[in-house]
Structures are given as C-alpha cells and as structure tokens.
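As structure tokens, the structure follows; a few thoughts come after it.
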DNA sequence: GCATTAACCACAG
DNA sequence: CTGTGGTTAATGC
C-alpha cells in the first residue's frame, strides 16, 4: 500500500519520527537518502550549501568548527541523534562540520519534507523542540565548564563523558587522537598527553595508547569537579 | 620574588 | 601520531 517502508521499520527512529504515522513515514522514506561513512570521512562541511537535515542512525561523529587558530570540537555525538538541524533549518550554509570518528550510518532528509512535518505535525515539532532545548542547555554547561575548569578537570570530564555517554562502559578505546582530544577540551595535545600519563601513574585510569579504563571513578569525579 | 599552570617549540621514537 | 623535556608568559600568594 505504501511504497516506501524503509523508515517504517527503522529500528533507529528518533523520538520525533516515532510520532509520524505510516503515511508520513512513507513520505519520509521517499525523501531521504542513506549513506555510510568510515572513520575520518566528512559527513558535511562547514561553509558548504546544504538542503538536508542529517540524522545519525549509528556511529560516532565529531562536530567541529574552524576557529581563528585551531579546529574546535564542539561536541562528540553518538547515534541515534540529529546532527544538522541548526545548520539547515535557519541557515543556508553549514555552520560547522561533521566528521565520522567511527563507522557511521546516516540519513539525509530533504529539508522541505522535514519542514512539512514541523508545520503539519505538532507532536513531531514538539519532539524536535525538546531535542534542541536539551542541546542548548547541554552546551551552556559545556561552555561554563570549558571556560572555568582547569585542564585536569576538563580531561577528567572528557574521560567520564566517553564512559557514560558514548560507550556506557568504563573500559573503551579512545576514538580520537591526542590532538583531537586537545581540541575537544580546549587545550593542546602535549598537555592532554601529560595529564593522561599523570592519571595513569596515579592509578586513576589504566592507559595504553588509546586503551582507557577508569580505575578510580570517585577520584576522577572529584578531579572533574575541583580540577 | 617565588611557585604554579599551561601553552609553545623541538626532537625522538 | 605520541611522549617528553626545556622554555616562557601569565597569574597567584
């Protein structure tokens, strides 16, 4: 009956997409394209014209902006999650870039279809607003933390972030290089490198290359709060 | 002044 | 790409 059932049976549907009926999901399916990316691939780039909302089904990406001196990693996100709502809805050009840091499956949703849902389906629009609100509050906190915590606190924060938000496990393989880690916590690769070895010799974490294991979560939390 | 913090530079695995 | 050492500027006590 409906031509396109891909979205209907998608196990990675966003909370917003869950409010769509089968007809709408069929429309969505007909107006979006899927793509896979491998580590290091650019998903979209700052400054480039865009007409798609990008939805991250699976995988991990970094969102980043070319700053005056360095690349700044704004956030690291794990699917399922929307990636490019602010950059597409209100802006003609991408305001930031997204790069895969692990294998990624993403959907490119036609902006007109997306806008149509926002206009016609209040529940859908509401869920999108919720998502945007969460992001804003989150970034407010990140902003304060980045400016007011010392680096040891910021590195501890980042380690906990990967464990809690990204991998949901205290043992993981860091998906980024030290340089990127530096860009993520607004510091440099040298400093990050030093602090990680310091945490390791204090037996707060196990560290071998990119292998991380949090050994003393309590102390890490204290450091993240007090620096 | 003296100590601390963290960036910058340079060089070696 | 990473780790380490030396240097240096800013800030605090």
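In our numbering, the protein residues as written are 2 to 228.
All residues carry an ideal CB built from backbone N, CA and C; glycine is no exception.
Among 79, 102, 51, 65, which has the Cα closest to the Cα of residue 89? As a first step, residue 89 is located in the first chain; it is residue number 88 there, counting from the start. Closest by alpha carbon: 51.
Would DSSP call residue 33 helix, strand or coil? Translated into positions along the first chain, residue 33 becomes position 32. Residue 33 carries a strand assignment under DSSP once its states are collapsed to helix, strand and coil.
Any idea what DSSP makes of residue 3, helix, strand or coil? Within the first chain, numbered from 1, the residue matching residue 3 stands at position 2. Because residue 3 carries a pLDDT of 49, less than 50, the predicted location of this residue cannot be relied on, and the following value inherits that uncertainty. Of the three classes helix, strand and coil, the one that applies to residue 3 here is coil, per DSSP.
Does DSSP classify residue 111 as helix, strand or coil? Looking up residue 111 in the first chain gives position 110. If DSSP states are grouped into helix, strand and coil, residue 111 belongs with the strands.
Counting Cβ pairs, one atom from each stretch, are 3 or more of them under 8 Å apart for the stretch 37-57 and the stretch 72-89? Yes, they touch.
Between residue 3 and the rest of its own chain, which residues show a CB-CB distance below 7 Å, the 5 nearest in sequence each way excluded? Reading the first chain from its first residue, position 2 is the one you call residue 3. Only weak support is given to the placement of residue 3: the predicted model assigns it a pLDDT of 49, under 50, and the value that follows is read from those uncertain coordinates. Counting only residues of its own chain and dropping the five nearest sequence neighbours on each side, residue 3 has a CB closer than 7 Å to the CB of 23, 24, 27.
How many whole angstroms separate the CB atoms of residue 159 and residue 221, which I take to be in contact at a CB cut-off of 8 Å? Counted from its first residue, the first chain places residue 159 at position 158. Counted from its first residue, the first chain places residue 221 at position 220. Between residue 221 and residue 159 the Cβ distance is about 11 Å, and since that is not below 8 Å, they are no contact.
Run through DSSP, which three-state label would residue 100 get? The sequence position of residue 100 within the first chain is 99, counting from 1. Strand, per DSSP.
Spatial neighbours of residue 206 within its chain, please: C-beta separation below 7 Å, excluding the five flanking residues on both sides. Mapped onto the first chain, residue 206 falls at position 205. Shown here for residue 206: same chain residues with a beta carbon closer than 7 Å to its own, the five before and five after excluded, namely 160, 200, 213, 214, 215, 216 in chain order.
Judging by CA-CA distance, which residue of 91, 101, 48, 197 is the nearest neighbour of residue 133? Taking the first chain and counting its residues from 1, the one referred to as residue 133 is at position 132. It is 91.
Distance, residue 149 Cα to residue 224 Cα: Within the first chain, the letter at position 223 stands for residue 224. Within the first chain, the letter at position 148 stands for residue 149. Cα to Cα, the separation comes out at about 13 Å.
Opposing strand residues paired with residue 94 [DSSP bridges]: Within the first chain, the letter at position 93 stands for residue 94. 50.
Consult DSSP for residue 45 and reduce its assignment to one of helix, strand or coil. The residue labelled residue 45 in the question sits at position 44 within the first chain. The answer is strand: DSSP assigns residue 45 an E or B state.
Looking only at C-alpha atoms, which of 16, 10, 196, 8 sits nearest to residue 125? By 1-based counting over the first chain, the position of residue 125 is 124. If you compare the alpha carbons of 16, 10, 196, 8 with that of residue 125, the shortest gap goes to 16.
For the stretch 105-119 against the stretch 185-196, do three or more pairs of beta-carbon atoms, one drawn from each stretch, fall closer than 8 Å, so that the two count as touching? Flag = no, the stretch 105-119 and the stretch 185-196 do not touch.
Residue 124 in three-state terms, based on DSSP: Position 123 of the first chain holds residue 124. It is helical.
Name the two residues that bound the continuous alpha helix (DSSP H) containing residue 184. In the first chain, residue 184 corresponds to position 183, counting from 1. 179-185 is the span of the alpha helix (DSSP H), which, as asked, contains residue 184.
Is residue 40 near residue 185, with beta carbons less than 9 Å apart? Walking along the first chain from the start, residue 40 turns up at place 39. Walking along the first chain from the start, residue 185 turns up at place 184. Contact: no.
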